[in-house]
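Step one of this worksheet: look at the structure below.
Set out below in structure tokens:
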């Protein structure tokens, strides 16, 4: 299923949309992948939560 989506027009559109969202993050531009964006806000200072992201999501 993933492979069929990857090579489909839908997969291309989804990838393009993700690239646009990544290019337009605010206020800090992304510097690596993955990059955490919370509620549409990109803060470089919050990237250190990657190690705890699963825990934080479960607690939320």
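In this note's numbering, the protein residues as written are 210 to 269.
Even for Gly, the Cβ is constructed at its ideal location relative to N, Cα and C.
Chain-order list of residues whose beta-carbon lies under 8 Å from that of residue 236 (same chain, five-residue window excluded): 250, 251, 252
Simplified DSSP state of residue 213, which is helix, strand or coil: helix
What did DSSP end up calling residue 258 once you bin it into helix, strand or coil? helix
Would you kindly check if the distance between the Cβ of residue 242 and the Cβ of residue 258 is under 8 Å? no
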